[in-house]
Amino acid sequence: MAIKLYSTLSRKKELFETIEPGKVRMYVCGVTVYNKAHIGHAMFALVFDILRRYLTYRGYEVRQVINFTDVDDKIINRANQMGMDPFVLAQNYITEFQAQIAALNILPATVNPRATQEMPQIIRMIEGLIEKGYAYPASNGDVYFRVNKDEDYGRLSGRKLEDMQSGSRIEIEEAKESPLDFALWKAAKAGEPFWESPWSQGRPGWHIECSAMNLSHLGEQIDIHGGGNDLIFPHHENEIAQSESYTGKSFARYWVHNGMLQFGGEKMSKSLGNLVTIEEFLTKHDGDVLRMMVLNSGYRNPLTYTDEVVEQTERALDRLKSALRPALPGAKGLGEEGRQALARQGEASKASFIEAMDDDLNTSGGLAALFELVRAINQARADGATEAELAAGQALLRELGAVFGLRLITDEGKPQAAAPFIELLIEIRAEMRKQKLWAMSDLIRNRLTELGVTLEDSKEGTGWRYQE
RNA sequence: GGCGACGUGGCCAAGUGGCAAGGCAAGGGUCUGCAAAACCCUGAUCGUGGGUUCGAAUCUCACCGUCGCCUCCA
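Here the numbering used here is used: the first residue of the first sequence is 122, the next is one more, and so on.
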């Protein structure tokens, strides 16, 4: 079995083969830290966390680099508005984002480089591009990339230079040779932070930092380059232009782009202002819920975010967890046939999970495989499986859930201090039920429900659990 | 205007040439004193109209609709 990944460059699913056997070099464009992160940002982080976890599960050693853009116009503007130092502002949002990533159970990247910490590499790269004629310093202290010099410019996004020029609304910058040339280096205006360079006191353009970080943290050629599909043009197009012009080698083998989170029919974005921050989401919902939403659909398609969808997803997550509940009180055991049926379903689910995930990370299909396993486990439990008989299936569910990055937190994580008292109430209620004191029995049950404890009666006794 | 993607049951969403996964909701049933949970059963011919093919949700053309990029953007 082989893994296939869709690459934006070829617009096809391609067989996944790494440069170095068994090792994956993955670069993902991170966020510009000028504001609170929203759940659209969480989506990209979740998608590439899932990709990374899956590749690891399939035996690869994954080196994942995700950058922070910590100096740019928006950061500077925002800092000025707030009367803050731009570097402090950036650092605060980085700290906050990393905490939220952890709360979402996203593994920290192998490296989180930052633009401000890569200046020597960035400057070296710009110098190299100038030497080769791919870039030129302008009279205003900026340095621009000479787009016309790059013959296959536009091949990632499928654009032609002529088309862009005719319909373009790019402001004309006097210092540029051509309107489509983009900045590698920007001279600082008064009051802006700057670094020394051969051309001016200034800062790097947005695209060059990623090229430089790739080079210093992963090498000249990488396996996977990822990010949101809104970055295809111009950001990734420009990255390819810079990196390949500089090294003379093809840059990334697989260009992987996730779809946008849709909110109210539009892309959730900072500029549109239609956003739900990660912070807000996490005060209301478990992090697994957002992950489940991502898993339920194809990573390349837009993801619909509505309150209704969140609710549905929460229920679906409850169902997944339902399989992890303990055996019924007084379970008599399945017998040989039942044990084998459950084992067979486990194997089948695992196989179809891998088959789906191998096919361009079909998480929705993988999730379906988990639900098949859930049904089999619940069936077995209903048929009287003991704790020991359920254990293997449940362990597999946890194993595959962990490949998705789902925590599947159940009662075990919750405080058990109340347990003896709840059990006491159940005991008393059992006496009442014997005497058919239904009103009192129901009162106890209802009151406990209000307190977040669900009672479930069965022939063999009454079980209880915290509401999910 | 240019480039690209998408339109599958009430909702979310896989499938991309050979009898339409999965989840949520809904209805019926089993269990229960009643519940709850779980289990069992029930539903779509795939935006519209042509074309290719023995056969299409899947390929092709047109049209309608939605979204993304073309300017900072995960």
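Idealized CB from N, CA, C, for every residue including glycine. Remember, predicted model here, so these are calculated numbers, not experimental data.
Nearest-angstrom Cβ-Cβ length linking residue i and residue j, presumed shorter than 8 Å
i, j, result
"Leu225", "Ala163", "6 Å"
"Ile187", "Asn156", "Not confirmed; about 18 Å, so no contact."
"Thr575", "Arg586", "6 Å"
"Val397", "Tyr175", "So it is not a contact: roughly 27 Å between Cβ atoms."
"Val268", "Ser299", "6 Å"
"His378", "Ile399", "Not really, about 21 Å apart at Cβ, beyond 8 Å."
"Gly451", "Ala501", "The pair is not a contact, with the Cβ atoms about 15 Å apart (cut-off 8 Å)."
"Ile196", "Pro207", "5 Å"
"Ser321", "Gly275", "Between Gly275 and Ser321 the Cβ distance is about 29 Å, and since that is not below 8 Å, they are no contact."
Proximity of residue i and residue j at Cβ, strictly below 9 Å
i, j, result
"Asn395", "Gly385", "yes"
"His406", "Tyr148", "no"
"Leu482", "Leu126", "yes"
"Thr153", "Thr190", "yes"
"Leu393", "Met413", "no"
"Ala497", "Gln466", "yes"
"Leu455", "Asp504", "yes"
"Val192", "Pro314", "yes"
"Gln342", "Arg132", "no"
"Leu382", "Lys391", "no"
"Asp271", "Ser371", "no"
"Phe474", "Leu521", "yes"
"Ala444", "Gln515", "yes"
"Pro447", "Glu508", "yes"
The ligand HEM heavy atom lying under 8 Å from the CB of residue i
i, result
"Ala506", "Ligands displayed in this structure: none; no statement on the ligand HEM is therefore possible."
Inter-residue spacing [alpha-carbon to alpha-carbon] between residue i and residue j
i, j, result
"Leu449", "Ala513", "16 Å"
"Ala223", "Met285", "41 Å"
"Gly151", "Lys281", "27 Å"
"Leu172", "Ala220", "21 Å"
"Ile247", "Ile160", "34 Å"
"Arg436", "Arg519", "18 Å"
"Glu432", "Pro541", "32 Å"
"Glu510", "Phe137", "38 Å"
"Glu360", "Gly526", "30 Å"
"Thr368", "Ala309", "28 Å"
"Glu135", "Leu416", "21 Å"
"Tyr375", "Leu210", "34 Å"
"Gly143", "Arg528", "27 Å"
"Gln595", "Leu491", "Residue 595 is absent from the structure shown; the chain starts at 122 and stops at 589."
"Glu358", "Gly486", "31 Å"
"Ala373", "Ser364", "10 Å"
"Gly340", "Leu305", "20 Å"
"Ile345", "Thr129", "11 Å"
"Thr531", "Ala539", "16 Å"
"Ser289", "Leu403", "Residue placement at Ser289 is flagged as unreliable, the pLDDT there being 47, under the threshold of 50; a coordinate-derived value is accordingly withheld."
"Val168", "Lys453", "43 Å"
"Glu239", "Trp316", "11 Å"
"Ile329", "Gln242", "10 Å"
"Gly180", "Ser318", "44 Å"
"Phe218", "Thr484", "25 Å"
"Trp559", "Asp439", "29 Å"
"Leu336", "Asp479", "29 Å"
"Pro229", "Asp578", "44 Å"
"Ser287", "Lys297", "For Ser287, the predicted structure reports a pLDDT of 47, less than 50, and the residue's modelled location is therefore unreliable. The matter cannot be settled from this model."
"Thr583", "Gln556", "16 Å"
"Glu182", "Ala477", "21 Å"
"Pro325", "Lys253", "19 Å"
"Ser260", "Thr425", "47 Å"
Delimiting residues of the alpha helix (DSSP H) encompassing residue i
i, result
"Glu501", "The question names Glu, but residue 501 is Ala in the sequence shown. It spans Thr484 to Ala503 - the alpha helix (DSSP H) in which Ala501 sits, taken as one unbroken run."
"Met203", "Asp194 to Met203"
"Trp559", "Trp559 to Glu571"
"Leu411", "Gly408 to Asn417"
"Met164", "Ile160 to Tyr178"
"Ile547", "Ala540 to Lys555"
"Glu520", "Glu508 to Phe525"
"Leu463", "Glu457 to Asp479"
"Arg436", "Asp428 to Ser443"
Run of the beta strand (DSSP E) containing residue i, from where it starts to where it stops
i, result
"Thr583", "Gly582 to Tyr587"
"Lys405", "Taken as a continuous stretch (DSSP letters only), Lys405 belongs to no beta strand (DSSP E), being part of the alpha helix (DSSP H) at Ile399 to Lys405."
"Leu396", "Element bounds for Leu396: n/a, residue is neither H nor E."
"Ala373", "Ala373 to Asn379"
"Trp306", "Phe303 to Ala308"
"Pro142", "Here Pro142 belongs to no beta strand (DSSP E), and DSSP marks it neither H nor E."
"Pro84", "Absent from the structure is residue 84, since the part of the chain shown begins at 122 and ends at 589."
"Asp578", "Val574 to Ser579"
*Mind pulling the alpha helix (DSSP H) runs of 4 or more residues that sit fully within the segment 338-367?*
Those alpha helix (DSSP H) runs which fall completely within the segment 338-367 and span 4+ residues do not exist here.
*What alpha helix (DSSP H) runs, 4 residues minimum, are completely inside the segment 214-300?*
240-252 and 282-288
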